[in-house]
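Okay, so the sequence shown: first residue is 2 according to the working numbering, each after it adds one. Below you'll find the structure, written out as structure tokens, and then a few comments.
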Amino acid sequence: MNERRTGSFSAYNEGNETPIDFAPIRAESRHAVRPEGKAPDAVAEEKGPRRLRRWLFVLLLIGLSGIFANQYRGVISDSIASFAEQMPALNLPDFDRPVINKPINTVRLESPLHRVTEQEVRTLLARYTESGFLGVDVQDLRDELELNPWVARATVRRVWPDGLVIMIDEHQPIARWGQTALLNEQGEVFTPTMRGPEVDLPGLSGPEGSEAMVLTMFEHINQQLSAIEMKLNEISVDARGSWNGQIIDGPALRIGREDIDERITRFVRLVKGGLAEQLANAETIDLRYSNGISVSNKSDVTDAVASR
2 MNERRTGSFS
12 AYNEGNETPI
22 DFAPIRAESR
32 HAVRPEGKAP
42 DAVAEEKGPR
52 RLRRWLFVLL
62 LIGLSGIFAN
72 QYRGVISDSI
82 ASFAEQMPAL
92 NLPDFDRPVI
102 NKPINTVRLE
112 SPLHRVTEQE
122 VRTLLARYTE
132 SGFLGVDVQD
142 LRDELELNPW
152 VARATVRRVW
162 PDGLVIMIDE
172 HQPIARWGQT
182 ALLNEQGEVF
192 TPTMRGPEVD
202 LPGLSGPEGS
212 EAMVLTMFEH
222 INQQLSAIEM
232 KLNEISVDAR
242 GSWNGQIIDG
252 PALRIGREDI
262 DERITRFVRL
272 VKGGLAEQLA
282 NAETIDLRYS
292 NGISVSNKSD
302 VTDAVASR
């Protein structure tokens with residue numbers, strides 16, 4: 002009896018007639034592909050986390066696409082409408098084309114103005130609002146606002162769909178510096194246009210870079226003088242480090258370079274000890290003595306007063 006033989010074969014036949022090109026396929030199919038020593042259940046467990054990560058990645062892409070579409074829905078609609086106008090042969094349905102770069106209709110100032118005027122802000126805004134909501138350069142506008150010498154810092158942000166919000170922090174002057182500048186609370190110098198009240202501020206002066214030191218000394222001496230109800234309205238230090246002051250409605254003080262605390266303390270002690278009446282006509286008080294002070298009256302008579 003003749004044996005019946007099949008006239009075809011596949012990559013899964015075990016015979017030696019299997020073409021060499023199919024050998025890798027047969028090897029992958031017939032031989033174990035799982036790592037050595039691992040059971041089928043272990044391989045399945047490893048595939049589970051990978052499948053979960055794929056699904057999470059797909060969901061993340063879908064979510065990000067939704068956020069992007071929502072954020073830029075106007076731009077997308079505008080692009081579609083523009084494309085439809087350019088390709089009438091496609092016969093796309095008509096729909097309202099949105100206006101993306103709307104004119105700025107609202108500007109809200111969220112900080113009170115004391116030195117910066119509203120007109121200064123309006124004049125500056127006029128150069129920026131013409132470019133529309135998307136066209137306005139908020140960083141450049143902020144920088145322009147901060148060029149005003151009264152502005153310590155400014156912030157500008159957009160508010161959808163057609164507004165701007167501006168915040169301006171003004172310098173708070175606490176003293177005059179030299180002839181034309183002012184000092185803020187941090188001891189920083191700024192040079193604005195004087196607008197009236199600044200002329201009544203205390204006057205401080207000193208070499209460049211000494212602003213914070215002079216302000217600290219001014220506050221320290223005034224704290225000491227408060228014990229005798231006196232107060233400086235001027236103080237200065239020269240390049241050699243010699244200090245001078247001026248008491249409000251009172252005499253000038255020559256303080257010198259050394260032992261500042263000791264000299265002010267001695268002066269306070271003398272005034273408390275009964276010297277106040279003798280100082281009523283004083284024009285200048287020199288504290289630069291090791292054991293006393295000297296007083297120059299407005300009549301140009303100088304009296305030496307011993308330390309007590």
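Here a beta-carbon is modelled for each residue, glycine too, at the ideal position from N, C-alpha and C.
In terms of DSSP beta bridges, what is Ser132 paired with?
Note: Ser132 sits in no beta bridge, so no partner.
Thinking C-alpha only, which one of Ala155, Trp151, His221, Asn185 is nearest Leu142?
Ala155
Using CA atoms only, rank isn't needed, just tell me which of Pro174, Pro193, Pro150 is closest to Thr181.
Pro193
Could you pull the start and end residues of the beta strand (DSSP E) that Gln140 belongs to?
Premise fails: Gln140 lies in the alpha helix (DSSP H), 139 to 147, not in any beta strand (DSSP E).
Thinking C-alpha only, which one of Trp178, Met218, Asn298 is nearest Val200?
Trp178
Are the stretch 266 to 277 and the stretch 239 to 247 touching, with three or more C-beta to C-beta distances below 8 Å?
no
In this structure, does DSSP put Ile256 in helix, strand or coil?
strand
Compute the Euclidean distance between the alpha carbons of Gly64 and Leu57, then round it to the nearest angstrom.
10 Å
Taking Ala176 and Leu184 to be in contact with their CB atoms under 8 Å, please state how far apart those CB atoms are, rounded to whole angstroms.
5 Å
6 Å Cβ shell around Glu278 - same chain, five flanking residues per side excluded
none
Taking DSSP's pairing of strands, which residues face Gly164 in a bridge?
Thr107, Val160
Between Leu288 and Arg255, is the Cβ-Cβ spacing less than 8 Å?
yes
So, helix, strand or coil for Asp287, using DSSP?
strand
Would Lys299 pass as a contact of Ile229 if the rule is Cβ separation under 8 Å?
no
Secondary structure of Ser66, DSSP reduced to three states:
helix
In whole angstroms, give me the CA-to-CA distance for Val1 and Arg52.
One cannot answer for residue 1 here, as it falls past the ends of the chain, which runs 2 to 309.
Local Cβ density within 10 Å of Leu62, reported as buried at 16 or more and exposed below that:
exposed
Who pairs with Pro174 in a beta bridge, going by DSSP?
Asn185
To the nearest angstrom, how far is the alpha carbon of Val118 from that of Thr124?
Strictly speaking, residue 118 in this sequence is Thr, with Val absent from that position. Looking at the two C-alpha atoms, the distance is approximately 10 Å.
Suppose the cutoff is 6 Å on Cβ atoms and the five residues either side in sequence are ignored; what does the same chain contact list for His32 look like?
Caution applies to His32, whose pLDDT of 48 falls short of 50 and renders its modelled position unreliable; the value that the coordinates give is listed next. The answer is none, since no qualifying residue turns up.
Quick test of your reading: Ile105 and Asp163, contact by CB under 8 Å. State the CB separation rounded to the nearest angstrom.
6 Å
Assign Ile229 to one of three DSSP states: helix, strand, or coil.
helix
State the DSSP-derived secondary structure class of Gln180, mapped to helix, strand or coil.
coil
May I have the straight-line CA-CA distance separating Ser297 from Glu145, to the nearest angstrom?
52 Å
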